[in-house]
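Shown next, in structure tokens, is the structure this report addresses.
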Amino acid sequence: MTTSNNDLAFRANAGIKDIIGRGLILDDNIAIIELIKNSKDAGSPKVKLHFKEKTGSSPSELILKDFGHGMTIDDIQDKWLNIAYSEKKVANSERDKPFAGSKGVGRFSCDRLGKELTLYTKSEHGDYIKLPINWELFETGSKDAEISTVKLQYEILSKSNFLAEIGESSFSSGTVLQISKLRAAWGNGKLHKLKSELEKFISDPDSSFEVALKIFNAPEVTIANTVFEELALRTYNIVSSIDSAGKKLFTELLYHGDPVYSYEVGNPYTHLKDIKVSIHYMNFSSKLFFKKRTGYSTNDYGSVFMFLNGFRVSPYGNPKNDWLGLDQRKTQGFSRYLGARDVIGQVTVADYEDLFKPISSREGLENDEAYHELTASDPESDNKVQLNNGQLDFGYVPHIIRQLERFIVEGLNWHSLMDHSNPDRTNIPEKDVRSDPLSFGIRTIDELAVKEAINKTLRTSSFKIENFKVNERLIAQLAEEADDAYNEYVLSFIQNTTDKTFDELTSVDKGNFKKIALRNMEAIKAEKQARIDAHEQRQRAEEAERKAENARLRAEEAEKATADAKHRQSIAETSAANFERTATVEKKRRLFAEASQKPDSKKVEELNHHITLLGEEISGDLNDALEELETSKDTAQVEKMIKSALFHNDKLLQLAKVVSNAGFDMMSDKLTEDIFSFTSQYLEQLGDLSRAFKLSASFENATDVELLLPFSPIEVTMLIDNIMANASTAEASELLIFAKETADFIDLVFENDGAFLTDRYTPNELFHRGITTTTGSGLGLSQVKRIASSLEAEVSIFNNDTSGISVRIRWPK
């Protein structure tokens, strides 16, 4: 085709509907959420979803019905069929409520869900319109098949025919989407997951918007999520909000719904307004309530979710998604910090100005200034938020969580056991308690500690605190309520077991008996403490005597040293050769001791990160198993959790074996070997460990490529482990590692079949420290890049053609 002048123009091929439909919207549940958003934006007070099974005479169907404004023929032509057009982009400022969607592509969710669509719509004073669309008509594959050349035929129905076809007795306005020939099979598991996702996604504070779900012939149910309201009456809960004008920030910490303290400040953030944050601290009892109420453990349900304009933003809050850096921070402080397992909550944003921009794939938000002010958690000053007062601080949500954390960890640390001989000791193993139970007790609430934690929050805050209020009466009552609850518990226990011998008690009752016995041994403990004090006094006296004796011995040694000076000089001269041989080793020891002041300290940090993550995984798996035994007795699930813990323990032992074999020089000394042979041998040594992590890893070197390199064995194993961990997180089932040689390069490629990269970060950004697309610390890929650089190689990451991603380590020839 030629033109008569120099003008050119874009053409839209019919295949564009695949790109913006099935290409951008990667999940069926998200596709349904997008359609629900459109219904809400159309002013509908309610949406009905109905799944119909395939029968001999009709295909499987999903019907979505709303009662909003509906459309006219002009609306369909100029707006609904106008790709990427969204009146929401220009109309937000004119509405009382912001729009839930904004990209203008959500309607192509219909193509994601089914092969055919029949659209029924009616505006308040408009016609009864029916528009059938067969999406396969757009899939010709021809380069000349423009999307506008596929003609769609609509019908104007009579009122009676329209109502009969949509199954309603009356219908003043709204839209019905009848999606047929569904592309996926909707079994019980998939439908259960949809219902769970709907409960998470739909959060409307004024409760004016409803979603009803009907599955096949089962009764219609209204989707509701009141668990957070119920948690507010059972937990410590911090609630903070910035008003719609962006002028004031108000924060309140609550205990079972009653305020402990509150304050008000001028909003210190430039881009944040109309936001509410509600975070609950989840102790053991509140986790049990949550499991009983929802059917999910908090670990499986998620942590802190984000809602934008009434709908949840995925994947924030999903299990293992660490968008607020909680787990990354917990690995640095253990019991001093709260991790994602310890909190659950919501961040709710009403955005009229499009400050928060969803990524086109519907997976997260763009990492712009508003998002940074909301979520920044990196302690490095360059990554902190500059407040309006000029100070640097964390983002809004991490700042509020840290206030709750200080109150819980420093003020209310009574849930753990206390070692009477060392009250500051934490993480007491169960075996210590079993061997000497009289030495341990249960921590009690300390009113002074609570007040000090609150005062410390005020002293160290970057905010200019105003209108501070503290509930002194409630703080004083906390200890009394704890004692009253305990006494009531003991009385109930005695009443229920008074006619039974100890052998007749159930295992649960025996466990409760142990708790009561521990709690009521205060007199014995006091006596033992007196003995400890007396023993310590004797030790101090004996220590003074030992010091005097040591002073006398040092004087004698000094005398002897003078007499032996010549003898030592002779020994020094004859051992000069030995000194030469040992000097290098001694120097290495000095360098190793000084490593924290040199660039190699980053290697130590990474090794510590590797060990800590494995330890955290083991602890988490075993805690989950204990919680599962306490609640559901699902032995299959417990077995799965214990196998996972054993896997991570084997990895820890594997690392210990490498460390012990390498000696203290393991982080600095290198061996020169074929990197590909080493990789192959390491995978063989892992054996079944990779399969236990639901990942089958294999190595291929078809052309027997060799590359002799000086490298640190521990660093190469850490590189391989990090890439395998990323593949597992991306839900890959296969990882192929292969060597490849071209005219210019030698490559080591890690190719998996998991999820594609999203467009939230560029591939290069993924290697930056602290950047992560899932959960975790974001240290893994930055570690891979550093190790690759030490091998004089370049590392890159990219999507494969069909599925998954590849990480390539490349050496130039």
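Residue numbers for the sequence shown follow the working numbering, beginning at 1 and rising by one.
Heads up, the beta-carbon is just placed ideally off N, CA and C, and yes, glycines get one too.
Values in this document were obtained by computation on a predicted structure and should not be read as measured data.
Item: Local conformation of R406 per DSSP, three classes; Value: helix
Item: Three-state class that DSSP yields for L254 in the structure shown; Value: strand
Item: Separation of E410 from V450, as counted between CA atoms; Value: 7 angstroms
Item: Beta-carbon proximity check, Y236 vs Y255, cutoff 9 angstroms; Value: yes
Item: Residue from P219, N82, L119 and K190 with nearest C-alpha to L177; Value: L119
Item: Spatial distance of I787 from A793 (CA atoms); Value: 9 angstroms
Item: Per-residue DSSP class, three states only, for D759; Value: coil
Item: Cβ-Cβ distance between V705 and F676 below 9 angstroms; Value: yes
Item: Close Cβ partners of D28 (< 6 angstroms) along its chain, the five nearest in sequence each way excluded; Value: A184
Item: Alpha-carbon to alpha-carbon, E472 and D342; Value: 26 angstroms
Item: Where M71 falls: helix, strand or coil (DSSP); Value: coil
Item: Other residues of its chain near R293: CB distance less than 7 angstroms, five sequence neighbours each side excluded; Value: V227 and E230
Item: Exposed unless 16 or more other CB atoms sit within 10 angstroms - verdict on S575; Value: Any reading at S575 is ruled out, since the residue's pLDDT is 47, under 50, leaving its predicted position unreliable.
Item: Per DSSP, cross-strand counterpart(s) of Y236; Value: Y255 and Y281
Item: Candidates L182, G70, A232 and K46, of which the one nearest H125 by Cα; Value: G70
Item: Local Cβ density within 10 Å of K785, reported as buried at 16 or more and exposed below that; Value: buried
Item: For P812, three-class secondary structure by DSSP; Value: strand
Item: Where K151 falls, given that 16 or more other Cβ within 10 Å makes a residue buried; Value: exposed
Item: Euclidean distance between Cα positions of E741 and T703; Value: 8 angstroms
Item: Y263 vs L458 beta-carbon contact at 9 angstroms; Value: yes
Item: Bounding residues of the alpha helix (DSSP H) (the contiguous stretch that carries L374); Value: E369 to T375
Item: Nearest to E405 (by Cα), restricted to the options R329, V349 and L213; Value: R329
Item: Simplified DSSP assignment, three categories, for L707; Value: coil
Item: Selection from G754, I454 and D7 that minimises the alpha carbon distance to A727; Value: G754
Item: Test item: CB-CB of F711 and L791 under 9 angstroms; Value: yes
Item: Member of E252, N318, T298 and I400 whose CA lies at the smallest distance from the CA of N467; Value: E252
Item: Contacting residues, own chain, Cβ-Cβ under 8 angstroms from K46 (five flanking each side not counted); Value: D66, F67, F209, E210, V211 and A212
Item: Rounded Cβ spacing between Q346 and F307 (contact assumed at less than 8 angstroms); Value: 6 angstroms
Item: Spatial neighbours of K54 in its chain, beta-carbon cut-off 6 angstroms, leaving aside the 5 residues before and after; Value: S60
Item: Three-state class that DSSP yields for I156 in the structure shown; Value: strand
Item: Between the CA atoms of E545 and S421 - distance to the nearest angstrom; Value: 24 angstroms
Item: Short Cβ contact (9 angstroms threshold) for L163 with F171; Value: yes
Item: Reduced DSSP secondary structure (H/G/I, E/B, other) of A394; Value: The residue asked about is misnamed: residue 394 is Phe in this sequence, not Ala. Coil, per DSSP.
Item: Cut-off 6 angstroms between Cβ atoms - residues of its own chain near K469, not counting five sequence neighbours on either side; Value: S262
Item: Neighbourhood of D744 by C-beta distance below 7 angstroms, restricted to the same chain and skipping five residues each side; Value: P812 and K813
Item: Euclidean distance between Cα positions of F284 and G317; Value: 20 angstroms
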